[in-house]
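Numbering (the numbering used here), first residue to last: 72 to 301.
Quick reminder that beta carbons are idealized off the backbone N, C-alpha and C, glycines included.
In what follows, a structure is listed as structure tokens, so that the remarks can point back to it.
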Amino acid sequence: MNEHPAFPADLLNQSGINRQHVFNLDALPTEVMATLGNTDGYRQLILLGHGGRHLWECVKACGISGDHPIDDYCRQTVSHWFAGYLPGRRYRMLYPGEQPVGLQQLGTLAGWHQPSPFMVGIDTEWGSWFAYRAALLADTDFLPFLPVDRSSPCKTCQEKPCIAACPANALEGGDFSLQKCIAYRRRTGSKCQFTCLARVDCPVGAEHRYDDEQLRHSYGRSLEDLKKYF
Ligand code: SF4
Ligand code: SF4
Numbered sequence: 072m073n074e075h076p077a078f079p080a081d082l083l084n085q086s087g088i089n090r091q092h093v094f095n096l097d098a099l100p101t102e103v104m105a106t107l108g109n110t111d112g113y114r115q116l117i118l119l120g121h122g123g124r125h126l127w128e129c130v131k132a133c134g135i136s137g138d139h140p141i142d143d144y145c146r147q148t149v150s151h152w153f154a155g156y157l158p159g160r161r162y163r164m165l166y167p168g169e170q171p172v173g174l175q176q177l178g179t180l181a182g183w184h185q186p187s188p189f190m191v192g193i194d195t196e197w198g199s200w201f202a203y204r205a206a207l208l209a210d211t212d213f214l215p216f217l218p219v220d221r222s223s224p225c226k227t228c229q230e231k232p233c234i235a236a237c238p239a240n241a242l243e244g245g246d247f248s249l250q251k252c253i254a255y256r257r258r259t260g261s262k263c264q265f266t267c268l269a270r271v272d273c274p275v276g277a278e279h280r281y282d283d284e285q286l287r288h289s290y291g292r293s294l295e296d297l298k299k300y301f
């Protein structure tokens, strides 16, 4: 008898939350556990993400407005998912939320994250066109997922067009300068107010590149945060 239920991915996939990874809490490194707060009563951590454009299409189609439509949509979808497919199971949303979860660290453990010169995770399937959408503690008992095994596309990228595409020379020599990037993005007339030209110039996973509206939404929000905090 199989003691682990199958992971019900269909609703998530249809909703654009098409990257999922299940960790057993007792297998997570201590430093990751330290970021999760009180885990009493929970056995697993479920990391959810999106790759490509479908999530944004779903967010627009469902008509959610407000400052954080993607986060609101994902919270709502997770709630429907648990109610419909995991009745009686409890969960606690860590992200989006106040908990300082190390998403890139979890992404690395899941095999999703490989570093890129512009400091956004990259892999050979999606390029850099994916993001973390939710991390939750759950009292589920799925079979934990194995990490996906994808090497970094940057290791074999000879020309590295992303480096030359950055108008601030923030990737010069392959080392990212956050200071140069922020200073350039904040400038009047910056070409990176609503995009990252280096990211857009990377050819890997180009078919999954966000459309202009999604880029504008994501980078517009990050620019507002930069203006607030720097
Ligand atoms: S252009 Fe090359 S080096 Fe730059 S992110 Fe893409 S694969 Fe990596
Ligand atoms: S946002 Fe613009 S300035 Fe910053 S790394 Fe990307 S291309 Fe360079």
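Residue i (DSSP reduced to helix, strand or coil)
i, result
"residue 249", "helix"
"residue 95", "strand"
"residue 234", "helix"
"residue 285", "helix"
"residue 121", "strand"
"residue 147", "helix"
"residue 205", "strand"
"residue 272", "helix"
"residue 164", "strand"
"residue 115", "strand"
"residue 194", "strand"
"residue 256", "helix"
For residue j and residue i, the rounded distance between their alpha carbons
i, j, result
"residue 129", "residue 81", "14 Å"
"residue 176", "residue 99", "11 Å"
"residue 230", "residue 274", "11 Å"
"residue 147", "residue 127", "15 Å"
"residue 253", "residue 159", "46 Å"
"residue 207", "residue 162", "6 Å"
"residue 152", "residue 92", "15 Å"
"residue 178", "residue 96", "15 Å"
"residue 280", "residue 212", "35 Å"
"residue 319", "residue 154", "The first residue shown for the chain is 72 and the last is 301, placing residue 319 beyond what the model contains."
"residue 121", "residue 184", "13 Å"
"residue 156", "residue 140", "24 Å"
"residue 172", "residue 209", "15 Å"
"residue 150", "residue 205", "12 Å"
"residue 224", "residue 266", "21 Å"
"residue 292", "residue 114", "34 Å"
"residue 299", "residue 255", "15 Å"
"residue 221", "residue 108", "30 Å"
"residue 277", "residue 169", "33 Å"
Contact test: residue i Cβ vs ligand 1 heavy atom, cutoff 7 Å
i, result
"residue 187", "yes"
"residue 271", "no"
"residue 171", "no"
"residue 70", "Lying outside 72 to 301, the shown extent of the chain, residue 70 is not represented and no answer is given."
"residue 232", "yes"
"residue 275", "yes"
"residue 193", "yes"
"residue 228", "yes"
Where residue i falls, given that 16 or more other Cβ within 10 Å makes a residue buried
i, result
"residue 194", "buried"
"residue 75", "exposed"
"residue 250", "exposed"
"residue 165", "buried"
"residue 258", "exposed"
"residue 72", "With a pLDDT of only 49 at residue 72, under the threshold of 50, the placement of this residue in the model should not be trusted, and no figure is reported."
"residue 77", "exposed"
"residue 189", "buried"
"residue 214", "exposed"
"residue 219", "exposed"
"residue 241", "buried"
"residue 217", "exposed"
"residue 133", "exposed"
Cβ of residue i within 8 Å of any chain C Cβ
i, result
"residue 225", "Protein chains in the displayed structure number just one, and chain C is not present."
Exercise for review: Considering only heavy atoms of ligand 2, list every residue whose Cβ is less than 5 Å from one of them, following chain order.
Suggested key: 189, 237, 239, 241, 252, 255, 263, 267, 268 and 269
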